[in-house]
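Data block below; observations after.
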Amino acid sequence: MPASAADGEVVMVQTGFSTNLARQIGMPAARKLAADRPAPNGWNGREAGMEVRYPAWNIDRDFAYARHRPIKESYQACNPAPRRRPCWGLTLAAAHVSPS
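Residue numbers (the numbering used here): -18 to 81.
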């Protein structure tokens, strides 16, 4: 995060486990960031993402316009159809974009 940026000029979006951020910037800095940042924090429990699933077949459909697509191939290698991937980051983003 740029230290020289004025308030409101930096947006931080973190998806994944908070331990990833702590490893990147150090635990004391991560605690300070979570406690003191001027923007709203959003925390999402595991159960929210487990309830909303992204279907693997949708990747096949959305990326069918080209024969070799790195996104499609890597997703299917990691999460082959018919697996439905939990949407932890998407549910938190949706809650902030449209809180009602």
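Each residue gets a CB set at the ideal place from its N, CA and C atoms; glycine is no exception.
Exercise. In terms of residues, what are the limits of the alpha helix (DSSP H) holding Tyr56?
Worked result: In the sequence shown, residue 56 corresponds to position 75, counting from 1. That run of the alpha helix (DSSP H) goes 51 to 59.
Exercise. How long is the line joining the alpha carbons of Leu42 and Lys53, rounded to whole angstroms?
Worked result: Here the question's residue 42 lines up with position 61 in the sequence shown. Here the question's residue 53 lines up with position 72 in the sequence shown. One detail in the question is off: residue 42 reads as Arg in this sequence, not Leu. Roughly 9 Å between the two C-alpha positions.
Problem set entry | Distance CB(Gly23)-CB(Cys68) smaller than 8 Å | By one-based count along the sequence shown, residue 23 stands at place 42. By one-based count along the sequence shown, residue 68 stands at place 87. Cβ distance not < 8 Å, so Gly23 and Cys68 don't count as in contact.
For this session: Would you mind working out which of Lys13, Arg65, Arg18 sits nearest Val(-9), comparing C-alpha positions?
Result: For the purposes of this step, residue -9 is taken as residue 10 along the sequence shown, with counting starting at 1. Out of Lys13, Arg65, Arg18, the CA that lies nearest to the CA of Val(-9) is found in Arg18.
Exercise. Roughly how far, in whole angstroms, is the beta-carbon of Ala74 from the beta-carbon of Tyr56, given that I think they are within contact range, below 8 Å?
Worked result: Mapped onto the sequence shown, residue 74 falls at position 93. Mapped onto the sequence shown, residue 56 falls at position 75. Going by Cβ atoms, the distance from Ala74 to Tyr56 rounds to 18 Å, so no, they are not a contact pair.
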